[in-house]
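Written below as structure tokens is the structure these notes are about.
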Amino acid sequence: LKLQDDEFWNPRLLLDNAQGEPIEIVSHEVEFVEPDFEAYLVEKRRIKGVFHETLELKHFPFDVQDLSVTVTCDRTVEEVVLVPSPTEVSQVDRRGASDSQEWKIFHHVDCQIQLTQWNVTHAHGGAHGGDLELGKAVVELFLLFNISGFGHW
125 LKLQDDEFWN PRLLLDNAQG EPIEIVSHEV EFVEPDFEAY LVEKRRIKGV
175 FHETLELKHF PFDVQDLSVT VTCDRTVEEV VLVPSPTEVS QVDRRGASDS
225 QEWKIFHHVD CQIQLTQWNV THAHGGAHGG DLELGKAVVE LFLLFNISGF
275 GHW
């Protein structure tokens, strides 16, 4: 079975705190999951970009800053599942730090799972409720970041 990229189901993932247009490398593969060997379309993204974060300066100049990469999706959790990659390790590319003399860059990357309810009001005035699953994401952050999105096939 050979499919073109434009034939794949689209998980409609967005990076909320990216500045400009990140560079994305997207790949697809089919995985069969036991016990029934259901077929799942797995989309992996490697994203390189600039992300913004509000600085926390409560203990200046000894603050520790977290860089969050916020992934959003307007599909339900039944349609999209974001999970950490079991085979690719999250890491930080320390070469991307512009002022390394003033910042100590830690190697630690943490993925957190959050499920958020949201409502969107459409132009016709109706509201649509949906679920958003953040985290469980392969926040493989080396200012490149991998997300595996699973869509049932």
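Note that this note's numbering has the sequence shown beginning at 125, numbered continuously upward. Cβ coordinates follow ideal geometry from the N, Cα and C atoms, glycine included. Owing to the predicted nature of the structure, the values given are computational and were not obtained by experimental measurement.
Spatially closest choice to residue i from the options, by CA coordinates
{"i": "Leu165", "options": "Val204, Thr211, Pro208", "result": "Val204"}
{"i": "Asp190", "options": "Arg199, Pro210, Glu180, Thr196", "result": "Glu180"}
{"i": "Val188", "options": "Asp198, Val195, Cys197, Glu177", "result": "Glu177"}
Residue i burial status per 10 Å Cβ neighbour count (16 or more: buried)
{"i": "Arg169", "result": "buried"}
{"i": "Pro135", "result": "buried"}
{"i": "Ile147", "result": "exposed"}
{"i": "Ile171", "result": "buried"}
{"i": "Val174", "result": "exposed"}
{"i": "Leu138", "result": "exposed"}
{"i": "Glu167", "result": "buried"}
{"i": "Val157", "result": "exposed"}
{"i": "Val154", "result": "exposed"}
{"i": "Pro159", "result": "exposed"}
{"i": "Gln143", "result": "exposed"}
{"i": "Val193", "result": "buried"}
{"i": "Pro208", "result": "buried"}
{"i": "Val150", "result": "exposed"}
Limits of the unbroken beta strand (DSSP E) element including residue i
{"i": "Pro146", "result": "142-157"}
Bridge partners - residue i, DSSP secondary structure assignment
{"i": "Thr196", "result": "Leu138"}
{"i": "Val201", "result": "Val201 is not bridged to any residue."}
{"i": "Phe175", "result": "Ala142"}
Proximity test, residue i beta-carbon vs the ligand HEM heavy atom, cut-off 6 Å
{"i": "Phe156", "result": "Only the bare structure without any ligand can be found here, which leaves the ligand HEM out of the picture."}
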